[in-house]
RNA sequence: ACCGAGAUGGUGGAAUGGCAGACACGUGAGACUCAAAAUCUCAAAUUGCAUUGUGCAAUGUGCGGGUUCAAGUCCCGCUCUCGGUACCA
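Residue numbers (my numbering): 1 to 765.
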């Protein structure tokens, strides 16, 4: 994921990009063609705030930060292809964001509507639903307010089903948690809309949505959301209309924050003078308006079945409404019974299991025109307008005669004036269609639009004529390995998937999922908190690099924990990594460049064995499991074995071959030191492009092995056997072993097995 | 409440159903040193028994069951922690 140019790298960045660099370098050394890009998500609010504070243009502030962070990236030695660097605030880039906006507009995926929207009073802009976390702004943590405004939206809901179904392709390649978060957010539910006619009122009906149609015989009241428009339409029939409209008004005045607090305080008013009719049994059903029916979900009207729904039960108790049981249960009606069971009090449907009844009743509803089967989503359309300056301008003109008119493609990019004085000139323009005076849209796009497609641009970053050329996109895309924080599960990662599907439908690309493999790295914390200026617990990578060197910092951040886990920063742990690098460095002075190991054959094969095991482990850990911590620890074991060999044999000659293998294996983690030592060894070419070693499976296996002997599941001794020994041979070795025979206590062996997994099992009665 | 993920020494963490605690930090001891730092080497789960001493036995991966010759790992039932969603009908 590309970074926002805040001006300072933090340890989270170091972790994210160290993982990426290790993977990229590994694949380069495996002779693959690797595109390892970097760019900047450089539009956004902090630049604007800083601009106001320092009285400079946000562009200058942003450029300054990018240069600073670029320097930091380079000091860490990440293997980026800087010729493909992109900035989303660059005209050359946002021209294509605007172009995509126009394409989506042409295809009816962008529209304007007046609605209640999330407003952050600190950021002075509206926000998308995904960007409101626990009622607070995702960026500044300020409480969200609600406003009625006309704004631009993208129809992400058109793709709700595709976004959900696309998960099957990601199931083994994306973290479960991300998929589950997206699934919850999309919130698909199967159900049915049922029409409730009104008693003696023939031209109106109430449409309810339910996921439990099998309980329809248990309906004892209907609940309308306060905002439901039928309340006003039935004004003349409702005898207590004053009370009802007072209730509606009181409720309307409340912010959603207060409504949230009202959760356990369901209130409501009965609509006197009217009632609905249950189409299944013609029973008259009272109608209520209540705060617990939500206008934004379903139809804003529900059929209440208090016997089998907690919330309906609560409301029924409070307002003394009848409770009718329709699913058999042993429990008394002190609590609603919400599980499956056998239907009762349901006429022809009695005796059917509620799970089967679900389909049977839906069929019945559709056949008799009582309603229709529907699927609902929680996902809402994506609000993309932002009342900000430092963002991609929305290429739209409002004309009194023609209405909403798009800017012509050839006039892109559309940029805001840099000086305030030129604003009026910018706003007042001519309509591209009819030529009369018109006004420009002054809002910008949500920056998440910029970052929804940026990775594609890397494939053809410097194309001045097209968004990208198809051959290049087809060659590189989709992204093989994407790495970033989990906090983007329902924002960037959802938006990008959506955008990708749209672009596929527009014929721009061929694939429908943008990121084949996703790795979500854990946070880097200090003393249990995420590093932040307010907590005063920020560790600056610059100081660490200064003190220990970039390699040590990279190594430590990968060694301390597996990449998906939260990592609590510790200054003592970094010493260990520093030590490893020193130990490797010091080995350089005792390698024997001329002859091979002068040690005994046994020592020689022992070290070769460890080396082959290490190559095997490191390869697997980088390529498959991403357990860099395990990879590094196995390299430590190899280094340790050389030190032990040296210590015990008093031999100061270490094999050059083994030493070079250590350097190669370390290169994805600590490229600087490895390059240096590689050169000192006399190599002319970079180690970074040297071939990754291949291990010999045969050498990793010992022919003489010591194996444990289990008697009834307990380890009772150990014997030495040859790898190829058969059962008979092993048996005789055991019989010769006095210790084991003593522990057997009983000579009668019932079952004897020499199991391949390097363990001997004896079962005694 | 629902949906995910997880729980292993003083700490970070290893373990295709097969010797739990690799590797590292920290700790202790030794070597080197006039001394210290650095470096190198060695040690350590718990309890009980035995012993001059190398030992022996039992227990041990959040809790309780189960499958298996064998469970940190698989199955069933809990507890707790973290993350997400939440009056979503």
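Think of the CB as a built atom: it goes at the ideal place given N, C-alpha and C, for glycine as much as any other residue.
By the DSSP assignment, the beta strand (DSSP E) with residue i in it spans what residues?
i: residue 403; result: 403 to 406
i: residue 766; result: Look at the range of the chain in this structure, 1 to 765, and you will see that residue 766 is not part of it.
i: residue 735; result: Not the beta strand (DSSP E): residue 735 falls in the alpha helix (DSSP H), residues 727 to 736.
i: residue 704; result: 704 to 711
i: residue 82; result: Looking at the DSSP string, residue 82 is not in any beta strand (DSSP E), and its letter there is neither H nor E.
i: residue 28; result: Looking at the DSSP string, residue 28 is not in any beta strand (DSSP E); the run it does join, the alpha helix (DSSP H), is 11 to 29.
i: residue 149; result: 144 to 154
i: residue 480; result: 479 to 485
i: residue 126; result: 125 to 127
Report yes if the C-beta distance between residue i and residue j is below 8 Å; otherwise report no.
i: residue 144; j: residue 123; result: no
i: residue 87; j: residue 40; result: yes
i: residue 637; j: residue 610; result: yes
i: residue 658; j: residue 580; result: no
i: residue 153; j: residue 382; result: yes
i: residue 112; j: residue 404; result: yes
i: residue 30; j: residue 692; result: yes
i: residue 538; j: residue 109; result: no
i: residue 711; j: residue 14; result: no
i: residue 715; j: residue 734; result: no
i: residue 474; j: residue 510; result: yes
i: residue 371; j: residue 305; result: no
i: residue 608; j: residue 664; result: no
i: residue 3; j: residue 104; result: no
i: residue 223; j: residue 302; result: yes
i: residue 298; j: residue 227; result: no
i: residue 433; j: residue 469; result: no
i: residue 151; j: residue 385; result: yes
i: residue 1; j: residue 531; result: no
i: residue 268; j: residue 288; result: yes
i: residue 554; j: residue 9; result: no
i: residue 353; j: residue 342; result: yes
i: residue 688; j: residue 38; result: no
i: residue 513; j: residue 179; result: no
i: residue 550; j: residue 672; result: yes
i: residue 276; j: residue 380; result: no
i: residue 315; j: residue 266; result: yes
In terms of residues, what are the limits of the alpha helix (DSSP H) holding residue i?
i: residue 182; result: 176 to 186
i: residue 376; result: Counting along the chain, residue 376 falls outside any alpha helix (DSSP H), though it belongs to the beta strand (DSSP E) covering 371 to 376.
i: residue 75; result: 58 to 76
i: residue 656; result: 656 to 666
i: residue 640; result: 628 to 649
i: residue 91; result: 91 to 106
i: residue 673; result: 671 to 680
i: residue 540; result: Premise fails: residue 540 is in no alpha helix (DSSP H) and is neither H nor E.
What does residue i pair with, by DSSP beta-bridge criteria?
i: residue 303; result: 222
i: residue 525; result: 530 and 568
i: residue 133; result: 136
i: residue 276; result: 198 and 285
i: residue 718; result: 708
i: residue 268; result: 290
i: residue 517; result: 481
Does the beta carbon of residue i fall short of 7 Å from some heavy atom of the ligand COA?
i: residue 371; result: Absence of the ligand COA is noted for the structure shown, with no ligands found whatsoever.
Notebook entry, point to check: Touch check for the segment 561 to 575 and the segment 622 to 640: three-plus C-beta pairs under 8 Å?
Noted result: yes
Review point. Are the segment 148 to 163 and the segment 493 to 507 touching by the rule of at least three beta carbon pairs closer than 8 Å?
Key: yes
*asked:* In chain order, what are the residue ranges of uninterrupted beta strand (DSSP E) at least 3 long that sit wholly in the segment 383 to 471?
replied: 396 to 399, 403 to 406, 428 to 430 and 437 to 440
| said: For a minimum of 3 consecutive residues, which ranges assigned as the beta strand (DSSP E) are wholly contained in the segment 552 to 612? | reply: none
- Item | Validate contact between the segment 210 to 217 and the segment 347 to 361 using beta carbons, cut 8 Å, 3 pairs | yes
Exercise for review: Would you be able to state if there are at least three C-beta pairs under 8 Å between the segment 647 to 658 and the segment 695 to 705?
Suggested key: no
Review point. Does the count of Cβ pairs from the segment 234 to 244 and the segment 314 to 330 closer than 8 Å reach three?
Key: no
When you compare the segment 451 to 464 with the segment 404 to 411, are there three or more beta-carbon pairs, one atom per stretch, that lie closer than 8 Å? no
Please confirm if the segment 180 to 193 is in contact with the segment 372 to 388, defined as three or more CB-CB distances below 8 Å between the two stretches. yes
Can you find at least 3 beta carbon pairs, one from the segment 66 to 85 and one from the segment 484 to 491, that sit closer than 8 Å?
-> no
Original post:
Should the segment 98 to 105 be regarded as contacting the segment 131 to 141, the criterion being three or more beta carbon pairs within less than 8 Å?
Top reply: no
Counting beta carbon pairs with one atom in the segment 659 to 672 and one in the segment 21 to 35, are three or more of them shorter than 8 Å?
yes
Touch test, the segment 35 to 52 against the segment 384 to 400, Cβ-Cβ under 8 Å, three pairs minimum | yes
At least 3 beta-carbon pairs within less than 8 Å: the segment 463 to 471 vs the segment 56 to 64: no
| At least three beta-carbon pairs within less than 8 Å, the segment 342 to 351 to the segment 125 to 133 | no
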